[in-house]
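*Asks:*
2 protein chains.
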Amino acid sequence: MLNPIQIQYSQSQETSNQKTKRVYYFGKSKSEGNKEMKELLGGKGANLAELTSIGLRVPPGFTITTTTCADYNESNQQLSEVLMDEVRENLRLLEAETDKRFGSESNPLLVSVRSGAALSMPGMMDTILNLGLNDNAVEGLSTVSTNRRFALDAYRRLINMFADVVMGISHTLFEDEFDRIKSKHGVTQDADLSVGGLEELIAAYKKIYREHCGQEFPQDPYQQLEQAIEAVFKSWNIPRAVSYRQINEITGLRGTAVNVQTMVFGNMGEDSGTGVAFTRDPATGENRFFGEFLINAQGEDVVAGIRTPQPVQEVLNWRKDIYHQLLELKRILENHYLEMQDIEFTIERGTLYLLQTRTGKRTGQAAVKIAVDMVSEGHITETQALLRVPANDLNQLLLPTFNPQAERDGLTKGLPASPGAASGRLAFSADEAVDRTHNGETVLLVRKETSPEDVGGMHAAVGILTSTGGMTSHAAVVARGWGKCCIVGATKIEIDTSSRTVKVNGRIFNAQDTLSLDGSTGEVMSGEVATHEPQLTEEFATLMEWADRYRKLNIWTNADTPADAQRARQYGAEGIGLCRTEHMFFEGDRITEMREMILADSHNERGRALEKLLPWQREDFKKIFTAMQGMPVTVRLLDPPLHEFLTHDEHAQRELAQRLNLTPQRIKARTDQLHENNPMLGHRGCRLSITYPEILVMQVTAITEAAIECAQARIDARPEIMIPLVGTDQELIQLRRQVENTIAAVKQAKDFHDQIKIPIGTMIETPRAALTADQIAEHADFFSFGTNDLTQMTFGFSRDDIASFLPEYLNREILAKDPFQSLDTVGVGQLIEMAINKGRANKESIKVGLCGEHGGDPASIAFCHKVGLNYVSCSPFRVPVARLAAAQAAVK
Amino acid sequence: MLNPIQIQYSQSQETSNQKTKRVYYFGKSKSEGNKEMKELLGGKGANLAELTSIGLRVPPGFTITTTTCADYNESNQQLSEVLMDEVRENLRLLEAETDKRFGSESNPLLVSVRSGAALSMPGMMDTILNLGLNDNAVEGLSTVSTNRRFALDAYRRLINMFADVVMGISHTLFEDEFDRIKSKHGVTQDADLSVGGLEELIAAYKKIYREHCGQEFPQDPYQQLEQAIEAVFKSWNIPRAVSYRQINEITGLRGTAVNVQTMVFGNMGEDSGTGVAFTRDPATGENRFFGEFLINAQGEDVVAGIRTPQPVQEVLNWRKDIYHQLLELKRILENHYLEMQDIEFTIERGTLYLLQTRTGKRTGQAAVKIAVDMVSEGHITETQALLRVPANDLNQLLLPTFNPQAERDGLTKGLPASPGAASGRLAFSADEAVDRTHNGETVLLVRKETSPEDVGGMHAAVGILTSTGGMTSHAAVVARGWGKCCIVGATKIEIDTSSRTVKVNGRIFNAQDTLSLDGSTGEVMSGEVATHEPQLTEEFATLMEWADRYRKLNIWTNADTPADAQRARQYGAEGIGLCRTEHMFFEGDRITEMREMILADSHNERGRALEKLLPWQREDFKKIFTAMQGMPVTVRLLDPPLHEFLTHDEHAQRELAQRLNLTPQRIKARTDQLHENNPMLGHRGCRLSITYPEILVMQVTAITEAAIECAQARIDARPEIMIPLVGTDQELIQLRRQVENTIAAVKQAKDFHDQIKIPIGTMIETPRAALTADQIAEHADFFSFGTNDLTQMTFGFSRDDIASFLPEYLNREILAKDPFQSLDTVGVGQLIEMAINKGRANKESIKVGLCGEHGGDPASIAFCHKVGLNYVSCSPFRVPVARLAAAQAAVK
């Protein structure tokens, strides 16, 4: 579901003795708006005014207010004279400031006209460029640019755009005409059409215009402007825009602003240029100006990745003055926004203009470094820094990197667009990457360049390699956003998509060959290179330290092995919230004993099989307790249905029969007998302990014996026993009694008389447990929410079976997110809150945690903080994410 | 879970100037207690006092109070002299009243000593009979009874019982001795032992007593009494009794009373006798004295069914005076208790004693007739009558009876112990009946007589036939309690359990032959006799009329066919709360079209298959709407997962492939693709309508077309559309829109412009739907609780899979009842209440019902009444049960 977006709209009311201001100027002479005025000037208008007012050189212009648009649409849809008077007044100011004149034959002022509401809103009229050109002005542009081809091209673009956007004439009519004239002149590329061809094209465009509008293309620039403004106003109410606002529940907005802004050109010669840059390195976070530029080019040339641009540092060698202006721009923007910025700039004949600035996308590593650096630079506070790093992005820092000791068969180097270490086979198209990944292969997407339609394949691949494009090309930007390993501009690589091969330095690789990409160095290597655990940075440690200082939630981990426990502890886990015992039974020979136990006919037989499992369990627990010494280890008693331990494979059944000296029929019969229609709702969890008490006794014995042996070795073991899938207090009462009796019996048998405290708690994972948490709390030392099962039962969704309808549910926005990824706070969360309140009402001291997979999801963690859980438990690799997310929830 | 039983115990406090009364007498001369004094005198003592005080001849005696027991146990465990003084005083009164003397050589007074707390409580000391006998008194008894054997037998029983119960000597010692002496005298039956043998036995018993107690069996009857009283007091605190009170949370009781009562004997000669009787016919409810008696016999001889007794009316021919006394007893008891009574009586030498009276068990038919008759007789009110009939028992009235037109191959007649019509094959033991029923057979249990260990087999069988025993024999009483067809005392039947045959009138029937029993006439017939719908009695109609007058809940029905709808309407249903559409697809050829639809590759193909199903659905709906005209018919859209309509049988798959012109591989592949791990939580319910909207469109089209055709035929059709398994408001919003659009489109296509109102509602059957019922209510015209699924998801129990642990859960009292039989009011009920409150808070007018199987369960209906549902919907046969249960909930 979409969150309703409600904008509090303060209606400006015109009092009788006060003139309504309809137009706000931004430029060197004055800047009438600021960033707070989004409702009145729209987002774009407010930002342009803000940038201008802090002294940055933005192409000057003016903004017509959103209320003007509302008045227009709500009255008689006529532009009032008072408005046009104000527009003309502002235009005059613009002419004065730019020293250009609207419609001038010698030095014409050209403007862009754009819509811009308080919220970004697709569907409305977009952009008209080059407005102000006419048959005379085009000559003036030709003169000042000393580039007739450029001027004619600008003019034919204006006619096309104006006809399409303002007059609603089909764009294909113009395209067809363009094709006809190109073919007549024997060229295929737009850029190759001669001046003569362009003149012919302009005449043909005007003819189309005349034939479809019954009038000439307007030569009066003021008429062009008036019609463009009206077109923007009207676009507010076109069906697509109206339905967008309805769907997104955008209410309180009454209209769009109109931005009229001077055109600047980076392609006016060798003293012009254009570029994009980040104020810091978006891959590493290093505080250095980072970007690319092209001399005598337009902005789209850089982004499209067609011409390989130069690093922005090269500006120094081209125009030292401009370079220093850029550095100053960086300084001002960071001081103003206190954030790393992603800017677009253009140099028109030696004058630097800032076209756009926004918060820059970055990798997780960069986000951490920038946040920590900005604190030490005095820009932001620790709590602000904590909020700056998207918690999920920390995962990128924990990804393995190539082992520097490993041998590398280096092939070439490209630009290190996004760090990481990726090895995979070669996929040559996005679809191929998706399909092969789906079939279980690990692939790299290898492309000359990427475009938006490749996004699916880019996401599927473990790494991306392109032969062209720079650090701000499509592939680079998208990959960094995801923290996915990416190398771009590896120019020595020749990709042949027809033979599906990659040629580099005389060597040829096909789809089945493996390459490795080092996203931190740009190195491309043959074969798979060994990885090792990441080296965590100092900034990471600092950020984690701050997180720990602010967070209220404890962060525990889900770990079933000593190795996992060790790793989680290293990442900052403060306990084990879920130690699953079932995985232990699959190791080595144990599965045979486990099967013998399941196949047993009587309590006694079952007991004998369990006796063989006991020493293994005890040793497992000892190692885990030792790894976590001084911290709680919550052991969950056996949970899955017994049939999960059996095999349906006939051969394996025969083999097992031989080993256990049983008939294969016997094994098949028992396997069939244990079959369940809905195993998720079947004989599992504490239901096993009720019907097979000897399993519980074995497990509790193993835990207690391990604890005693640890105590004797002076290891501070802190086991806790967790009973799964409880739905009634009686289950807990009876099983708790059995656990306590077993602990006492083991102590007596071992002649151990020191105190060992083993808290006994329960999972809350059936809705009924949540509903009766008050009764259950009386017999539990702690609650742990098993949100995987709780989500399954609350929705009635089998996690294994939702693939057939979940995509449709997300598409149709029936669900905003997969509820198994991010906690459903409305439904499942309601049960959680209820259980906490009921539980604490009956036992104030009860410890409450969560150990479903949601424990590693930042949005879910924020909820856990809000409702007052004591801890969340997540997989070892998510521990840092959880620590940060918990801190963010606390400081928000 | 057990309900905690809390008895408010008003502690009697002895004030300094008031003597505590420890013993309460009941007898002709005075009766000091009454039925209100259960706390002080125990249940048994209070009742004996009550019966005595209303003038009935009960063997006189006295009761020692429960507080005396408490004092004994809480102080020094010494019987105080003041107590024994009171006991002796009361004994003297007893001697005077009975004209017998304690320990007398000529006419000895014998008493029984029994415990009796305020609540029946197994585990405490039970009964000592014949107390007061000693070596002298036994001679007196011999003289007065003129039956030395009887007197000696009574004496040896006392020694045995006293040694066992009071002194704790093992009972087997006495049994072994008895066996030894029987064998020495060459007899096998106890009753065959001669007078000499009994004398020998008494001597041997005394020897055992002496050897184990170190003292002689007490000859002083006062000492016997003193020791017996102490034993009762002490038994209050034996571990078994203490733990019983703990488990059942019985608090507030401080001790047991002791009842000392004169012994009477029905076996003192031809002027003695014993019997049991009901004040009305427990099978039909007819107002006639109904029972059996035996001359010169003890009570257990009647109940055990060993001697076939005479009907109680025969007392008239034996002793006219006694018969009139019995009729007077009936009158007094019914006037006093205002209920049909089940009495035990004994005639000792011409004097009639009432030994016990309690509310009599009866069949459902009898319960209805007695309740209605008692209202017309002025005994009780209508609301009392409504509460008198256990709602579930009405089911018995709806059982089919044999069609009187059907041909009957009559074999013999027995006693019509419990009405009904049963046909089945012959099972010769209880175990056999259980096993064969389990394997799907329908069997009659055929036995010479039954005993408590046969109860399982009696329950499994559809009917019970015995060759001995009377109307109050074990088989008759138990069968009537269940409303199960039973014929007893069919003396012409010879049962041979070794050859497993039944011989009757020269014909032989074996285990595979079928007999039919008419429980209303006692007729036993060969073969299966056709049944027909039951003829409902006038009393039933009267009771239902009263129920309808008092109940608040509407009673709807779950019906999928016109026949079911018709039947339910006849039983008083006021609408259809659940019309499942899936069953309609299994009829005849439709399943092929359904499979074609499921196997379709595209929306179009699917649409074509659905078009073939449409006319069938429309006709089904038309017939159901017509059957229910004027009443709502709630149609649930398709609910089960599609794979339920496919077959896994390879042969059937091949056949289907041929019919649909597809490859068998294709069918197998699609079947496998649709397989789900947990289908209960899978792609079903409204999830089908989201992903296959064309199914919804077909169904809604069929409903709307049927409604239009009904309207055109002036039939008042009232369809409602119910969307299953909703978990989010968005599902309902989107599907409701689709339903509304479809209805509008059908109306337009049919050029039908009159209004048809089709309310659209949802099932509440996932916990999330209940939790978000406020949001869902905004888009629903009604809610219907699907408590089957809601129970599954709230507990996390798959109904199909609980058999492996539910019995253990019930045994261990983790669950008090199967939650699929009777609503779990604590957990599931909490969600229901929440949903009602949230739903009505957002839409006060919303109609709320329940259509799970709980809709026919009286306890669940009481809950539904309490939480304010508008209706419950149950299977047609449960409709009368539900009507009565709803009325009971309302008047309680």
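Each protein sequence line maps, in turn, to chains A and B. Residue numbers for the first sequence follow this note's numbering, so the first one is 2 and each next one is one higher. Residue numbers for the second sequence follow this note's numbering, so the first one is 2 and each next one is one higher. Where a beta carbon is used, it is the ideal one built from N, C-alpha and C, also for glycine. Bear in mind the structure is a predicted one, so any value in this text is a computation, not a measurement.
Interface residues of chain A around residue 683 of chain B at Cβ under 7 Å?
*Replies:* Residue 683 of chain B sits at position 682 when you count from the first residue of the second sequence. Those within 7 Å of residue 683 of chain B in chain A are 799, 802.
*Asks:* DSSP three-state call for residue 882 of chain A: helix, strand or coil?
*Replies:* Position 881 of the first sequence, counting from 1, holds the residue named residue 882 of chain A. Three-state DSSP puts residue 882 of chain A in a helix.
*Asks:* Where are the alpha helix (DSSP H) runs, 4 residues long or more, that stay fully inside the stretch 711–758 of chain A, in chain order?
*Replies:* Counting whole runs of 4 or more residues, the stretch 711–758 of chain A contains the alpha helix (DSSP H) stretches 730–750.
*Asks:* Residue 260 of chain A and residue 64 of chain A look like a contact to me (Cβ under 8 Å); what is the Cβ gap, rounded to whole Å?
*Replies:* For the purposes of this step, residue 260 of chain A is taken as the residue at position 259 of the first sequence. For the purposes of this step, residue 64 of chain A is taken as the residue at position 63 of the first sequence. Indeed, because the Cβ distance is near 5 Å, the residues count as touching under 8 Å.
*Asks:* Nearest CA to the CA of residue 1 of chain A: which residue from A:625, A:683, A:748?
*Replies:* Since the first residue of chain A shown is 2 and the last is 893, residue 1 of chain A is not available in this structure.
*Asks:* For the stretch 256–271 of chain A against the stretch 107–123 of chain A, are there 3 or more C-beta pairs whose distance is under 8 Å?
*Replies:* Because the criterion of three Cβ pairs below 8 Å is met, the stretch 256–271 of chain A and the stretch 107–123 of chain A touch.
*Asks:* Checking 9 Å against the spacing of the C-beta atoms, do residue 419 of chain A and residue 371 of chain A come in under that value?
*Replies:* Along the first sequence, read from residue 1 onward, the residue named residue 419 of chain A stands at position 418. Along the first sequence, read from residue 1 onward, the residue named residue 371 of chain A stands at position 370. No. Outside cutoff.
*Asks:* Under 9 Å between beta-carbons, which chain B residues line up against residue 680 of chain A? List them in chain order, please.
*Replies:* The residue you call residue 680 of chain A lines up with position 679 of the first sequence. Result: 678, 679, 799, 802.
*Asks:* Can you pull out the residues from the stretch 189–219 of chain B whose beta carbon lies closer than 8 Å to at least one beta carbon of chain A?
*Replies:* Hits within the stretch: zero.
*Asks:* Give the interface partners of residue 815 of chain A over in chain B, defined as CB-CB distance under 8 Å, in chain order.
*Replies:* Stepping through the first sequence from its first residue, residue 815 of chain A is reached at position 814. Simply 691, 729, 731, 732, 735.
*Asks:* From the DSSP output, which residues share a beta bridge with residue 258 of chain B?
*Replies:* In the second sequence, residue 258 of chain B corresponds to position 257, counting from 1. Per DSSP, B:117.
*Asks:* Report the residues of the stretch 744–775 of chain A with a CB closer than 8 Å to any CB of chain B, ordered along the chain.
*Replies:* Cβ contacts with chain B: 766, 767, 768, 769, 772, 773.
*Asks:* Which bits of chain B does residue 828 of chain A rub up against, with CB to CB less than 7 Å?
*Replies:* Start at 1 with the first residue of the first sequence, and residue 828 of chain A comes out as number 827. Those within 7 Å of residue 828 of chain A in chain B are 769, 772, 773.
*Asks:* Sort out for me which residues DSSP pairs residue 492 of chain A with in a bridge.
*Replies:* In the first sequence, residue 492 of chain A corresponds to position 491, counting from 1. None; residue 492 of chain A has no bridge partner.
*Asks:* Under a three-way DSSP split, which group does residue 455 of chain B fall into?
*Replies:* Here residue 455 of chain B refers to the residue found at position 454 of the second sequence. In the structure shown, residue 455 of chain B sits in a helix (DSSP, three-state: H, G or I).
*Asks:* Whole angstroms is fine: what's the gap from residue 334 of chain A's alpha carbon to residue 882 of chain A's?
*Replies:* Reading the first sequence from its first residue, position 333 is the one you call residue 334 of chain A. Reading the first sequence from its first residue, position 881 is the one you call residue 882 of chain A. Distance between the alpha carbons of residue 334 of chain A and residue 882 of chain A: 30 Å.
*Asks:* Compare the beta carbon distance of residue 413 of chain A and residue 310 of chain A with 9 Å and say whether it is the shorter of the two.
*Replies:* Translated into the one-based positions of the first sequence, residue 413 of chain A becomes position 412. Translated into the one-based positions of the first sequence, residue 310 of chain A becomes position 309. Not in contact: residue 413 of chain A and residue 310 of chain A (Cβ atoms no closer than 9 Å).
*Asks:* Quick one: give me the first and last residue of the beta strand (DSSP E) that residue 516 of chain B is part of.
*Replies:* Sequence index remark: in the second sequence, residue 516 of chain B carries index 515 (1-based). That run of the beta strand (DSSP E) goes 515–519.
*Asks:* Can you list the residues of chain A that residue 806 of chain B reaches, using a CB-CB cut of under 7 Å?
*Replies:* On the second sequence, position 805 is the one that residue 806 of chain B refers to. Correct list: 684, 688, 691, 692.
*Asks:* So which residues of chain B does residue 793 of chain A contact, with C-beta pairs closer than 7 Å?
*Replies:* For this step, residue 793 of chain A is matched to residue 792 along the first sequence. Result: 682.
*Asks:* Closest to residue 155 of chain A by CA distance: which of A:166, A:164, A:143, A:498 is it?
*Replies:* In the first sequence, counting from the first residue as 1, residue 155 of chain A sits at position 154. Residue A:143 is the option with its Cα nearest to residue 155 of chain A.
*Asks:* Let me confirm a value: residue 621 of chain A is counted as buried when at least 16 other C-beta atoms fall within 10 Å, else exposed. Which label applies?
*Replies:* In the first sequence, counting from the first residue as 1, residue 621 of chain A sits at position 620. That one is buried.
*Asks:* Alpha carbon to alpha carbon, how far is residue 547 of chain A from residue 286 of chain A?
*Replies:* In the first sequence, counting from the first residue as 1, residue 547 of chain A sits at position 546. In the first sequence, counting from the first residue as 1, residue 286 of chain A sits at position 285. In a straight line, the C-alpha of residue 547 of chain A is about 19 Å away from that of residue 286 of chain A.
*Asks:* Going by CA-CA distance only, name the one from A:179, A:222, A:161 that's closest to residue 213 of chain A.
*Replies:* The count along the first sequence starts at 1 and reaches residue 213 of chain A at position 212. The residue with the shortest Cα to Cα distance from residue 213 of chain A is A:161.
*Asks:* Taking buried to mean at least 16 other C-beta atoms within 10 Å of its own C-beta, is residue 811 of chain A buried or exposed?
*Replies:* Residue numbering aside, residue 811 of chain A sits at position 810 when the first sequence is read from its first letter. By the 10 Å Cβ count, residue 811 of chain A comes out exposed.
*Asks:* If we ignore side chains and look at the alpha-carbon of each, how far apart do residue 48 of chain B and residue 58 of chain B end up?
*Replies:* For this step, residue 48 of chain B is matched to residue 47 along the second sequence. For this step, residue 58 of chain B is matched to residue 57 along the second sequence. Cα-Cα distance, rounded: 13 Å.
*Asks:* With DSSP collapsed to three states, give me the class of residue 874 of chain A.
*Replies:* Taking the first residue of the first sequence as position 1, residue 874 of chain A is located at position 873. It is a strand residue.
*Asks:* Please list, in chain order, the chain B residues whose beta carbon lies closer than 7 Å to that of residue 831 of chain A.
*Replies:* Walking along the first sequence from the start, residue 831 of chain A turns up at place 830. Per Cβ cutoff of 7 Å: 772.
*Asks:* With a Cβ-Cβ cutoff of 9 Å, do residue 865 of chain B and residue 579 of chain B count as a contact?
*Replies:* Numbered from its first residue, the second sequence carries residue 865 of chain B at position 864. Numbered from its first residue, the second sequence carries residue 579 of chain B at position 578. No. Outside cutoff.
*Asks:* Counting Cβ pairs closer than 8 Å, one from the stretch 377–391 of chain A and one from the stretch 440–456 of chain A, do we hit at least three?
*Replies:* Touching, no, given that fewer than three Cβ pairs across the two stretches are closer than 8 Å.
*Asks:* Using the C-alpha atoms, what's the distance from residue 300 of chain A back to residue 38 of chain A?
*Replies:* Residue numbering aside, residue 38 of chain A sits at position 37 when the first sequence is read from its first letter. Residue numbering aside, residue 300 of chain A sits at position 299 when the first sequence is read from its first letter. Distance between the alpha carbons of residue 38 of chain A and residue 300 of chain A: 28 Å.
*Asks:* Would you please state the rounded distance, in angstroms, between the beta carbons of residue 892 of chain A and residue 551 of chain A? I believe it to be under 8 Å.
*Replies:* By one-based count along the first sequence, residue 892 of chain A stands at place 891. By one-based count along the first sequence, residue 551 of chain A stands at place 550. Sure, about 5 Å apart at Cβ, within 8 Å.
*Asks:* Please confirm if residue 640 of chain A has its CB atom under 9 Å from at least one CB of chain B.
*Replies:* If you number the first sequence from 1, residue 640 of chain A lands on position 639. So, not an interface residue.
*Asks:* Below 8 Å, is the gap between the Cβ of residue 537 of chain A and the nearest heavy atom of the ligand GDP?
*Replies:* Of ligands this structure carries none, so the ligand GDP is not represented either.
*Asks:* Whole beta strand (DSSP E) runs in the stretch 423–469 of chain A with 3 or more residues, listed along the chain?
*Replies:* With a minimum length of 3 residues, the continuous beta strand (DSSP E) runs that stay inside the stretch 423–469 of chain A are 444–448, 464–467.
*Asks:* How about residue 169 of chain B and residue 186 of chain B: are their beta carbons less than 9 Å apart?
*Replies:* Residue 169 of chain B sits at position 168 when you count from the first residue of the second sequence. Residue 186 of chain B sits at position 185 when you count from the first residue of the second sequence. No.
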